[in-house]
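Engineer: Residues in the sequence shown are numbered consecutively from 15, following this note's numbering. Glycine is no exception: its CB is placed at the ideal position from the N, C-alpha and C atoms. Dumping the structure here so I can ask a few things about it.
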Amino acid sequence: MKNILLLGATGSIGDSVLSVIEQNQQSLNLYAITLDSNTSKAKDISESFTPEYIHINNEKSFNKIKEDNEINSKVLNGSSDLSALINDDNVDIIVSAITGFAGLEATAIASKTGKTILLANKESIVAAGELILLSAESSGTTIIPIDSEHNAIFQCLAGEKNTDDVSKIIITASGGPFLNKSLSSLKGVTKEQALKHPNWSMGSKISIDSATLVNKCLELIEAKYLFGLDEQFFELVIHPQSIVHSIVSYRDGSSICQMSNPDMTVPIAHALSDSRRLKNNFDAIDFSSLSLTFNEFPEDRKKLENIAREVCKNGNSSGIIFNAANEIAVKNFLEDKISFNQIYDVIYRTFEATPMSNITDIESIYEKDIESRMEAKKVVKSIS
Ligand code: NDP
Ligand code: MG
């Protein structure tokens, strides 16, 4: 039996992880969960899965759930409780599925435990990939990606002794709700339109990232760190059907891809598998009805891609700045303070205006994040 700590249990990835656990209760146990403030969902999870612990980040929500005294799980709050939970000897697998830079604290602690991390929280890798990968290596922590593209690459690389024989890795992108639309035609789009992803049902931040195609740029940086290959090995390709999740090409001419219908339980079930694949109630691909297309990443989003490639090459503080600028831009778009196209302006101008600096430890990451957010807020103020 594997004991799972699910960070970000009340979110969209959380739902998919719970679905896989529910179907495989003979081998998987939900030991503990974390969330920010969605206590009503936490109560439901507590009733259905009876986890030992529930860590609630938001203090008000924590106090309320304690007062109500309606759940059997022990409730926790604060950094030292979070750290103790991640380090709890009973925890075998830590699923990192908090959204945004807020997931860094837990992911960084988890990377020192020597346990297994199932990684969805790409923002922590974009901002702190070097540090997390280094501490995972020195502590013997295994990182298995559950972001669908990265899990696909992971599966395509399985059995290969090293990446020396890889000639190219294609990361696919659905194109999001504005597939084939030029940037100039998107000026007036609403957040409701931007949140409506055609293939995937996801949290609001990543849904906007998919609409802007920033998600694919974050994934390029994530892939560079997770697979230890230079950025020029990776190509971003638009594949509207979201069936082929990524492709690894080898120098002998073979290309291996991983395919499934777009359902996050598929990569999650793979990552939670041990020697045998897990049961998963998914819709199988109907190959007879398939028509797969692959197109170039749009020319008018090349500047964005180039920034991501620069981040891959320069490392250090560049990923922190890129990520912080995007998080501020998305937040302001969702609050109707800037337009969809201004998300790009905030990213470009913050990236230009924030000086690069040397990142030596986790504290310097937090400092740079605060500085970058302040710079991004200045840009927002100047354009809104
Ligand atoms: P959601 O917004 O649906 O869920 C986010 C989760 O994080 C919730 O449990 C939320 O709690 C919790 N949370 C938010 N802020 C904090 C905080 N400050 N401290 C502690 N917990 C917090 O996000 P998704 O599930 O869509 O995405 C999660 C991560 O996985 C992201 O990094 C995303 O990029 C990545 N990912 C998601 C995919 C998807 O299909 N959704 C696919 C691939 C990667 P509460 O509910 O209480 O607010
Ligand atoms: Mg993805």
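Report all residues from its chain with a CB closer than 7 Å to the CB of S97; omit the five preceding and five following residues, and keep chain order.
Structural biologist: Once the five neighbours on either side are set aside, the close Cβ partners of S97 are I123.
Engineer: Just tell me which of N71, I160, G202 has its CA closest to the CA of L240.
Structural biologist: Closest option to L240, Cα to Cα, is I160.
Engineer: Counting along the chain, where does the alpha helix (DSSP H) carrying H164 start and finish?
Structural biologist: Per DSSP, H164 belongs to the alpha helix (DSSP H) from 162 to 171.
Engineer: Between the Cα of P254 and those of T374, A298, S302, P312, spot the shortest distance and give me the residue it belongs to.
Structural biologist: When only C-alpha atoms are compared, the closest one is P312.
Engineer: I'd like to know if the region 91 to 111 and the region 67 to 76 are in contact, where contact means that at least 3 CB-CB pairs between them fall below 8 Å.
Structural biologist: Taking 8 Å as the limit for Cβ pairs, the verdict is that the region 67 to 76 does touch the region 91 to 111.
Engineer: Look at T113 and G22 and say whether their C-beta atoms are less than 8 Å apart.
Structural biologist: Against a cut-off of 8 Å, the Cβ pair of G22 and T113 comes out as a contact.
Engineer: Pick out whichever of N294, R290, L286, S303 has its Cα sitting closest to the Cα of D277.
Structural biologist: D277 has its Cα closest to that of N294, out of N294, R290, L286, S303.
Engineer: For S263, which residues in the same chain have their Cβ closer than 6 Å to its Cβ, ignoring the five residues on either side in sequence?
Structural biologist: Same-chain partners within the cutoff: S181, K182, S269.
Engineer: Is the number of C-beta pairs between the region 321 to 340 and the region 52 to 71 that are closer than 8 Å three or more?
Structural biologist: Output reads no: the region 52 to 71 does not touch the region 321 to 340.
Engineer: Using 7 Å as the cut-off, classify the Cβ of N38 as near or not near the heavy atoms of the ligand NDP, replying yes or no.
Structural biologist: False, no ligand heavy atom lies under 7 Å from that Cβ.
Engineer: What's the call for S302, buried or exposed, on a 16-neighbour Cβ count within 10 Å?
Structural biologist: With fewer than 16 Cβ atoms within 10 Å of its Cβ, S302 is classed as exposed.
Engineer: Can you check the region 57 to 95 for any beta strand (DSSP E) of at least 3 residues that lies completely inside it and give the ranges in chain order?
Structural biologist: Here the runs fully enclosed are 67 to 70, 88 to 90.
Engineer: Using a Cβ-Cβ cut-off of 6 Å (strictly less than) and excluding sequence neighbours within five positions of L147, which residues of its own chain qualify?
Structural biologist: Y239, listed in sequence order.
Engineer: Ordered along the chain, which non-local residues of its own chain (more than five positions away) have a Cβ less than 7 Å from that of N38?
Structural biologist: For N38, where only same-chain residues beyond five positions count, the Cβ hits under 7 Å are L292, K293.
Engineer: In whole angstroms, what is the alpha-carbon distance linking E366 and V393?
Structural biologist: So the alpha carbons of these two residues sit roughly 11 Å apart.
Engineer: Given 7 Å as the limit, tell me if T5 has its C-beta closer than that to any heavy atom belonging to the ligand NDP.
Structural biologist: What the structure shows of the chain is the stretch from 15 to 398, and residue 5 is not part of that stretch, so it cannot be assessed.
Engineer: If you draw a straight line from the alpha carbon of D103 to that of I35, how long is it in whole angstroms?
Structural biologist: The straight-line gap from Cα to Cα measures roughly 20 Å.
Engineer: Can you tell me which of S218, A187, T368, L44 puts its alpha carbon nearest to the alpha carbon of N346?
Structural biologist: The shortest Cα separation from N346 among S218, A187, T368, L44 belongs to S218.
Engineer: Which same chain residues, not among the five before or five after D223, have their C-beta less than 6 Å away from its C-beta?
Structural biologist: Cβ neighbours of D223 beyond the five flanking positions: N229.
Engineer: Less than 7 Å between the CB of D179 and some heavy atom of the ligand MG, yes or no?
Structural biologist: The answer is no for D179.
Engineer: For the ligand NDP, is there any heavy atom lying closer than 7 Å to the beta carbon of N165?
Structural biologist: Flag unset: Cβ of N165 not near the ligand NDP.
Engineer: If you compare alpha carbons, which of D375, A56, K129 is closest to I18?
Structural biologist: When each option's Cα is compared against that of I18, the closest is K129.
Engineer: Identify every residue that forms a DSSP beta bridge with M273.
Structural biologist: DSSP output for M273 lists V258 as bridge partner(s).
Engineer: Among the candidates S371, K351, N52, A56, whose CA atom is the shortest distance from the CA of L44?
Structural biologist: The shortest C-alpha separation from L44 is found at A56.
Engineer: Beta-carbon separation of G329 and E151 under 8 Å?
Structural biologist: No.
Engineer: For Y358 and chain C, any beta-carbon pair shorter than 8 Å?
Structural biologist: The displayed structure is made up of one protein chain only, and chain C is not part of it.
Engineer: Should K219 be counted as a contact of the ligand NDP given a C-beta to heavy atom distance under 7 Å?
Structural biologist: Because some heavy atom of the ligand NDP lies under 7 Å away, the Cβ of K219 counts as near it: yes.
Engineer: The alpha helix (DSSP H) with P281 in it runs from where to where?
Structural biologist: Counting along the chain, the alpha helix (DSSP H) containing P281 begins and ends at 279 to 286.
Engineer: Bridge partners for T53 per DSSP, in chain order?
Structural biologist: In DSSP, T53 forms no bridge with anything.
Engineer: Run the proximity test for C271: is its beta-carbon closer than 7 Å to any non-hydrogen atom belonging to the ligand GTP?
Structural biologist: With respect to small molecules bound, the structure shown includes the ligand NDP and the ligand MG and not the ligand GTP.
Engineer: What number of angstroms, rounded off, separates the C-alpha of T186 from the C-alpha of E310?
Structural biologist: Going from the Cα of T186 to the Cα of E310 covers about 10 Å.
Engineer: Which of the three DSSP states, helix, strand or coil, is assigned to V105?
Structural biologist: Coil at V105, not helix or strand.
Engineer: I'd like to confirm something about D161: is its beta-carbon nearer than 7 Å to some heavy atom of the ligand MG, or not?
Structural biologist: Yes - the ligand MG has a heavy atom lying nearer than 7 Å to the Cβ of D161.
Engineer: For a test of the three-state rule: what should DSSP assign to T413, helix, strand or coil?
Structural biologist: Since the displayed the chain opens at 15 and closes at 398, residue 413 lies outside it and no answer follows.
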